[in-house]
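Before any comments, here is the structure.
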Ligand SMILES: *Cc1c(COP(=O)(O)O)cnc(C)c1O
């Protein structure tokens, strides 16, 4: 029987091999385990295998899971779309929000981050390919948004996150990830102290790492295939 421990090890080997192929140090790429739709038991199993960073898409589901696993050394990342009426929940529950794509959401997260918690780590989600997935700031609007978010008091802007449409082949994956890398480098050149380029999922870990990803977000290759997202949850 394949366990989460086995699949985590296999994903770790893919990351290490991709880093070697790209001449990068394996320590430069973090693994975010995307546990959406899987229960607290699956998170616990991965945690026991040494995985500490977990990504969730649906805020209500995530909040229940986070509450069910108190006092553990887990770093929780929100990677799903956030409506303004859910910012308080996100600000209080997560260590990172990677799906910020407009200033209003960032301002609310900053205002609602509870006093006494560390600043909320933020990635700006970029609509890198103008694909059917319409979430994400347009590349031309990114520099202005980045400067504004970097100035908010209770947030720490860490970098960018992308969810490209599936590409036909490796060359296509590489091309879209390279565009994200260029946007990231341009912001760094403007003086923003960014350290996170969150890109690459189960199907394109290798291309993302070749292009400079510092965090791959991997769900199905660790936890198995998911049922299709329910419409109501996808909208929250
Ligand atoms: C579900 C999801 C992932 C993981 O996708 P897999 O293909 O299962 O690895 C990564 N990032 C985001 C934003 C997701 O919604």
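Residue numbers (the numbering used here): 10 to 245.
Even for Gly, the Cβ is constructed at its ideal location relative to N, Cα and C.
Minimum C-alpha distance to residue i - residue among the options
| i | options | result |
| --- | --- | --- |
| residue 146 | 170, 126, 129, 161 | 170 |
| residue 110 | 39, 158, 121, 138 | 158 |
| residue 152 | 173, 218, 196 | 196 |
| residue 161 | 87, 57, 114 | 114 |
| residue 194 | 178, 221, 216 | 221 |
| residue 229 | 212, 216, 59 | 212 |
| residue 125 | 174, 19, 100, 192 | 100 |
| residue 132 | 39, 86, 21, 236 | 86 |
| residue 154 | 61, 134, 77, 210 | 134 |
| residue 174 | 97, 140, 66 | 140 |
| residue 130 | 136, 138, 137, 118 | 118 |
| residue 216 | 98, 235, 24 | 24 |
| residue 148 | 156, 183, 192, 200 | 192 |
| residue 137 | 183, 75, 237 | 183 |
| residue 214 | 11, 22, 10 | 22 |
Check: residue i C-beta below 7 Å from any heavy atom of ligand 1
| i | result |
| --- | --- |
| residue 146 | no |
| residue 45 | yes |
| residue 88 | yes |
| residue 216 | no |
| residue 246 | No answer is possible for residue 246: it lies beyond the span of the chain, which begins at 10 and ends at 245. |
| residue 210 | yes |
| residue 38 | no |
| residue 135 | no |
| residue 230 | yes |
| residue 172 | yes |
| residue 190 | no |
| residue 130 | no |
| residue 227 | yes |
| residue 94 | no |
| residue 66 | yes |
Residue i vs residue j beta-carbon contact at 8 Å
| i | j | result |
| --- | --- | --- |
| residue 218 | residue 13 | no |
| residue 206 | residue 189 | yes |
| residue 41 | residue 224 | yes |
| residue 20 | residue 227 | yes |
| residue 83 | residue 56 | yes |
| residue 208 | residue 186 | yes |
| residue 165 | residue 128 | yes |
| residue 91 | residue 65 | no |
| residue 96 | residue 121 | yes |
Bridge partners - residue i, DSSP secondary structure assignment
| i | result |
| --- | --- |
| residue 86 | 64, 105 |
| residue 130 | 105, 165 |
| residue 52 | None; residue 52 has no bridge partner. |
| residue 229 | Looking at the DSSP assignment, residue 229 forms no beta bridge with any residue, so it has no partner. |
| residue 12 | Per DSSP, none; premise fails for residue 12. |
| residue 42 | 63, 227 |
Next item on the list: Mind the definition here: the region 18–33 touches the region 46–53 only if three or more C-beta pairs lie below 8 Å; say whether that holds.
Entry: no
Check: Should the region 41–49 be called in touch with the region 61–77, which here means at least 3 C-beta pairs below 8 Å?
Finding: yes
Notebook entry, point to check: Three or more C-beta pairs closer than 8 Å, one from the region 177–195 and one from the region 91–106: is that the case here?
Noted result: no
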